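In what follows, a structure is listed as structure tokens, so that the remarks can point back to it.
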Amino acid sequence: MNYPDWLVNDVARRSKGFLLEGFVAGAGPLNAQLFILGEAPGRNEIETLIPFSGAAGVELDKSLTLAGLTRSDIYITSAVRSRPYSIKSVINKKSGTPEMRRPNRTPTKKEILAHAPITDYEIQQIQPDIIVTLGNIGLQRLLGSTHTVTKDHGQILTGPIKELNQAQESYQLSDKTYTIVPMFHPAAIFYNRKLAPLIEEDWQKLGVFLHKKS
Ligand code: URA
1 MNYPDWLVND VARRSKGFLL EGFVAGAGPL NAQLFILGEA PGRNEIETLI PFSGAAGVEL
61 DKSLTLAGLT RSDIYITSAV RSRPYSIKSV INKKSGTPEM RRPNRTPTKK EILAHAPITD
121 YEIQQIQPDI IVTLGNIGLQ RLLGSTHTVT KDHGQILTGP IKELNQAQES YQLSDKTYTI
181 VPMFHPAAIF YNRKLAPLIE EDWQKLGVFL HKKS
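The opening position of the sequence shown corresponds to residue 1 in the numbering used here, with each subsequent residue numbered one higher.
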């Protein structure tokens, strides 16, 4: 998506002081059937500038296929549009010398709030019928921290979502009601292979829901 300059500048100002790098715009048609909200880009996405273009993206594409979807049916973005990283000093195993590493990390609540104007803008532009959240970060950005993907995955939830308040420093609930489908983050199976059948079932169920709706 092409964001207006005022929005990009505002988010850059709100992000000052955080360990965030790069900027990956959300991607997909403005009339997309589904709006997908992930967590934040990783190193791979910062290089390609394509959301979910790394290993998690390969898993996501398999899930989309199970629901009868392709990338051309979806608009895809994340709660934070820059890569959150940490700075770690590690010993190089070969040389035995210390080196600095900057691994990906989960975005903080403050970073998600700093990027909230972009997520709100994207939702206003796309006006999605259905929002699929990937992992707890996307889910809690929209529905709050009482929701968890472990509890809610695969369910079809309806209700208001969190959006920035007028002062732009905290959230309020939207007047509009949305359909939210929480899903596990596609990278979750890298840490827990046992989730694979659950993830498959959730995306198949979503496919049936979309089919009935159309
Ligand atoms: N995880 C996300 O949430 N977004 C990406 O673009 C890549 C990995």
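Beta carbons: idealized from backbone N, C-alpha and C, even for Gly.
As the structure is a prediction and not an experimental result, all values here were calculated from the model.
Query raised in the report: Exposed or buried, what is F35 when buried is set at 16 or more other beta-carbons lying within 10 Å of its beta-carbon?
Result: Numbered from 1 along the sequence shown, position 35 holds the residue referred to as residue 35. Classification of F35: buried, given that the 10 Å Cβ count is 16 or more.
Requested in this report: Report the residue from D175, K110, L60 whose alpha carbon sits nearest the alpha carbon of G159.
Outcome: For the purposes of this step, residue 159 is taken as residue 159 along the sequence shown, with counting starting at 1. The residue with the shortest Cα to Cα distance from G159 is D175.
Requested in this report: Report whether the distance from the Cβ of F52 to the nearest heavy atom of the ligand URA is below 6 Å.
Outcome: Walking along the sequence shown from the start, residue 52 turns up at place 52. Yes, since a heavy atom of the ligand URA falls inside the 6 Å radius drawn around the Cβ of F52.
Query raised in the report: Taking C-beta to C-beta, are T118 and V11 nearer than 7 Å?
Result: As a first step, residue 118 must be located in the sequence shown, where it is residue number 118. As a first step, residue 11 must be located in the sequence shown, where it is residue number 11. Just to set this straight, residue 118 is Ile in the shown sequence, not Thr. In this structure, V11 lies closer than 7 Å to I118 by Cβ.
Query raised in the report: Cβ of L142 within 7 Å of Cβ of K162?
Result: On the sequence shown, position 142 is the one that residue 142 refers to. On the sequence shown, position 162 is the one that residue 162 refers to. Result yes, Cβ atoms of L142 and K162 sit closer than 7 Å.
Query - Where R101 sits in the DSSP three-state scheme - result: Numbered from 1 along the sequence shown, position 101 holds the residue referred to as residue 101. R101 falls in the strand class under three-state DSSP.
Query raised in the report: Is G135 closer than 7 Å to I39 when the C-beta atoms are compared?
Result: Taking the first residue of the sequence shown as position 1, residue 39 is located at position 39. Taking the first residue of the sequence shown as position 1, residue 135 is located at position 135. Just to set this straight, residue 39 is Glu in the shown sequence, not Ile. Going by C-beta atoms, E39 is nearer than 7 Å to G135.
Query - Distance cut-off 6 Å: A56 Cβ against heavy atoms of the ligand URA - result: Against the sequence shown, residue 56 aligns to sequence position 56. It does: the Cβ of A56 is within 6 Å (strictly closer) of some heavy atom of the ligand URA.
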